[in-house]
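Residue numbers (the working numbering): 2 to 365. Glycine included, each C-beta is placed from N, C-alpha and C at the ideal position. These numbers come from a predicted model, not from an experiment.
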């Protein structure tokens, strides 16, 4: 190992690594509890295989020069756009959404790929155009990159992932040097578009937004899941009911408990203390990620790390808020913990890239 490699290893963030591994492994225990009785146990084996594959990709992401990925970011973006179009035409339909492409051994979810494709494409564009950051064209160009991905994902429909891209783009523009008044204008324009946006939502999406205000208007329909989620978390008390002992979970009262509402399983079986540990670990990853952003001088590394940490943070906050009734149900899973191979692998890859940037922050 040469001197440069030793210096890079010395900057490896073991805190993010250990928190990531703990959440991923503990997620398997939560998934086993959520799925063992009413779902095929094969999904637990699949998740374990995806975790091993994700950790391998995580390690690969650590040692590839992230600046070389920047050279192919527009190509990756173009391929992702093609996949998003293909999933609308040929994708598998689940719950009225076209989100998955069957590749035989596994189902690919292009909207998950779109997260990293957009971050790389925007980071490349904003990094190349850094000198023009105060011009309106700087923001317009970023919008033209973001909107095709946003619209294609929204059409699937995948409201949660589509909305996740907006704060990510704003965060990248902010780090890229865009004037604050432009960012405020974009935010205000987005709010003004809400009434128009409402008319394009599916009926079930409108119902989810309405029951967020008052779940009791449809307690056996659209409001059922959030009511059961609150019961599950509340009944866990301080210390929880114990692993495999949650009644809302094991008696099949809580829908989507292995995906969108797996945090409810944590609350019921591990209690308030378990929830606080989870939240602390997520906050720790975000804090250490932002620390890497602040210490990185390379504009491309700074932008890429910002994008990935923003996605991780916003998705975590929204998912947890969904389970306790502080956010509408928008179909976002809990990173590293919820069932799903595409999401797990993409999250591990993105965190690996963030650690890569942290290790190389003094080289560029």
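Quiz item: Just how far apart, CA to CA, sit residue 354 and residue 55?
Solution: On the chain shown, residue 354 is found 353 positions in, with the first residue counted as 1. On the chain shown, residue 55 is found 54 positions in, with the first residue counted as 1. Approximately 13 Å, taken between the alpha carbons.
Quiz item: Taking C-alpha atoms, which residue in 12, 26, 13 lies nearest to residue 337?
Solution: Residue mapping note: residue 337 aligns to position 336 of the chain shown, counting from 1. Between residue 337 and the set 12, 26, 13, the nearest pair of CA atoms involves 26.
Quiz item: Can you find at least 3 beta carbon pairs, one from the stretch 243-250 and one from the stretch 275-293, that sit closer than 8 Å?
Solution: Too few Cβ pairs lie closer than 8 Å, so no.
Quiz item: How many angstroms separate the CA atom of residue 139 from the CA atom of residue 255?
Solution: Along the chain shown, one-based indexing puts residue 139 at 138. Along the chain shown, one-based indexing puts residue 255 at 254. Each residue's Cα considered, the two are about 46 Å apart.
Quiz prompt | Integer Cβ distance of residue 344 from residue 313, believed to fall under 8 Å | solution = Mapped onto the chain shown, residue 344 falls at position 343. Mapped onto the chain shown, residue 313 falls at position 312. That pair is no contact at about 11 Å.
Quiz item: Enumerated in chain order, which unbroken segments of the alpha helix (DSSP H) with a length of 4 residues or greater are wholly contained in the stretch 147-228?
Solution: Within the stretch 147-228, the complete alpha helix (DSSP H) segments at least 4 residues long are 160-177, 181-193, 195-199, 204-214, listed from N- to C-terminus.
Quiz item: The alpha helix (DSSP H) spanning residue 25 covers which residue range?
Solution: On the chain shown, residue 25 is found 24 positions in, with the first residue counted as 1. First-last of the alpha helix (DSSP H) with residue 25: 15-36.
Quiz prompt | Own chain, CB closer than 7 Å to residue 291, minus 5 neighbours either side, in chain order | solution = As a first step, residue 291 must be located in the chain shown, where it is residue number 290. Counting only Cβ-Cβ distances below 7 Å, and skipping sequence neighbours, we find 310.
Practice problem: May I ask you to report which of helix, strand or coil DSSP gives residue 307? | Solution: For this step, residue 307 is matched to residue 306 along the chain shown. Assignment of residue 307 by DSSP, reduced to helix, strand and coil, places it in the helix class.
Quiz item: What are the boundary residues of the beta strand (DSSP E) that includes residue 259?
Solution: By one-based count along the chain shown, residue 259 stands at place 258. Boundaries cannot be given for residue 259, as no beta strand (DSSP E) includes it and DSSP labels it neither H nor E.
Quiz item: residue 308 and residue 125 look like a contact to me (Cβ under 8 Å); what is the Cβ gap, rounded to whole Å?
Solution: As a first step, residue 308 is located in the chain shown; it is residue number 307 there, counting from the start. As a first step, residue 125 is located in the chain shown; it is residue number 124 there, counting from the start. That pair is no contact at about 11 Å.
Self-check item: Cβ-based neighbour list, residue 18, same chain, cut-off 8 Å, excluding 5 preceding and 5 following
Solution: Your numbering for residue 18 matches position 17 in the chain shown. If we look at residue 18 and ignore the five residues flanking it on each side, its Cβ neighbours are 356.
Quiz item: Relative to the alpha-carbon of residue 48, which residue among 319, 129, 108 has its alpha-carbon at the smallest distance?
Solution: Within the chain shown, the letter at position 47 stands for residue 48. With respect to the C-alpha of residue 48, the residue from 319, 129, 108 having the closest C-alpha is 108.
Quiz prompt | Start and end residues, alpha helix (DSSP H) containing residue 344 | solution = Position 343 of the chain shown, counted from the start, is the residue given in the question as residue 344. Residue range 342-360 is occupied by the alpha helix (DSSP H) that includes residue 344.
Quiz item: What number of angstroms, rounded off, separates the C-alpha of residue 234 from the C-alpha of residue 228?
Solution: As a first step, residue 234 must be located in the chain shown, where it is residue number 233. As a first step, residue 228 must be located in the chain shown, where it is residue number 227. So the alpha carbons of these two residues sit roughly 10 Å apart.
Self-check item: Helix, strand or coil at residue 101 according to DSSP, with G and I counted as helix
Solution: For this step, residue 101 is matched to residue 100 along the chain shown. Residue 101 carries a strand assignment under DSSP once its states are collapsed to helix, strand and coil.
Quiz item: Which stretch, first to last residue, makes up the alpha helix (DSSP H) that contains residue 125?
Solution: Within the chain shown, residue 125 is the residue found at index 124, counting from 1. It spans 111-129 - the alpha helix (DSSP H) in which residue 125 sits, taken as one unbroken run.
Quiz item: Can you name the residues that DSSP bridges to residue 94?
Solution: Locating residue 94 in the chain shown gives position 93, counting from the first residue. Answer by DSSP bridge pairing, in chain order: 99.
Practice problem: Count the CB pairs spanning the stretch 152-168 and the stretch 78-95 that are closer than 8 Å, and state whether there are at least three. | Solution: By the Cβ rule, the stretch 152-168 counts as touching the stretch 78-95, because three or more pairs are nearer than 8 Å.
Quiz item: When we look at the beta-carbon of residue 94 and count the other beta-carbons within 10 Å, is it buried (16 or more) or exposed?
Solution: By one-based count along the chain shown, residue 94 stands at place 93. The residue is exposed, with fewer than 16 neighbouring Cβ atoms inside 10 Å.
Quiz item: From this set, 198, 152, 32, 137, which residue's C-alpha is nearest residue 174's C-alpha?
Solution: Locating residue 174 in the chain shown gives position 173, where the first residue counts as 1. Its Cα nearest to that of residue 174, the residue 137 stands out among 198, 152, 32, 137.
Quiz item: Roughly how many angstroms lie between the CA atoms of residue 68 and residue 301, to the nearest whole one?
Solution: Start at 1 with the first residue of the chain shown, and residue 68 comes out as number 67. Start at 1 with the first residue of the chain shown, and residue 301 comes out as number 300. Taking the straight line from one Cα to the other gives about 7 Å.
Quiz item: Between residue 135 and residue 187, what straight-line distance do the alpha-carbon atoms span, to the nearest angstrom?
Solution: As a first step, residue 135 is located in the chain shown; it is residue number 134 there, counting from the start. As a first step, residue 187 is located in the chain shown; it is residue number 186 there, counting from the start. Cα to Cα, the separation comes out at about 15 Å.
Quiz prompt | Neighbourhood of residue 51 by C-beta, 7 Å cutoff - its chain only, sequence neighbours within 5 removed | solution = Position 50 of the chain shown holds residue 51. Once the five neighbours on either side are set aside, the close Cβ partners of residue 51 are 342, 345, 346.
Quiz item: Quick check: the stretch 199-219 against the stretch 248-267, are there 3 or more CB pairs under 8 Å?
Solution: Counting Cβ pairs under 8 Å, fewer than three are found: no touch.
Quiz item: What are the partner residues of residue 72, as DSSP defines its beta bridges?
Solution: Along the chain shown, read from residue 1 onward, the residue named residue 72 stands at position 71. As DSSP reads the structure, residue 72 sits in no beta bridge.
Quiz prompt | Span of the alpha helix (DSSP H) around residue 250 | solution = Here the question's residue 250 lines up with position 249 in the chain shown. That run of the alpha helix (DSSP H) goes 248-251.
Quiz item: CA-CA distance, residue 205 and residue 322?
Solution: Taking the first residue of the chain shown as 1, we reach residue 205 at position 204. Taking the first residue of the chain shown as 1, we reach residue 322 at position 321. Each residue's alpha carbon lies about 19 Å from the other.
Practice problem: Please list, in chain order, all residues of the same chain as residue 224 whose beta carbon is under 7 Å from its beta carbon, the five residues on each side excluded. | Solution: Numbered from its first residue, the chain shown carries residue 224 at position 223. Within the same chain, residue 224 has close Cβ partners 212, 216, 217, 218.
Quiz item: Thinking C-beta only, is residue 335 closer than 9 Å to residue 62?
Solution: Translated into the one-based positions of the chain shown, residue 62 becomes position 61. Translated into the one-based positions of the chain shown, residue 335 becomes position 334. No, these two residues do not count as a Cβ contact at 9 Å.
Self-check item: Paired residues, beta bridge with residue 320 - DSSP
Solution: Position 319 of the chain shown holds residue 320. None; residue 320 has no bridge partner.
Self-check item: Delimiting residues of the alpha helix (DSSP H) encompassing residue 335
Solution: In the chain shown, counting from the first residue as 1, residue 335 sits at position 334. Here residue 335 belongs to no alpha helix (DSSP H), and DSSP marks it neither H nor E.
Practice problem: Would you kindly report the start and end of the unbroken alpha helix (DSSP H) that includes residue 51? | Solution: One-based indexing of the chain shown puts residue 51 at position 50. Run containing residue 51: 43-64, per the alpha helix (DSSP H) assignment.
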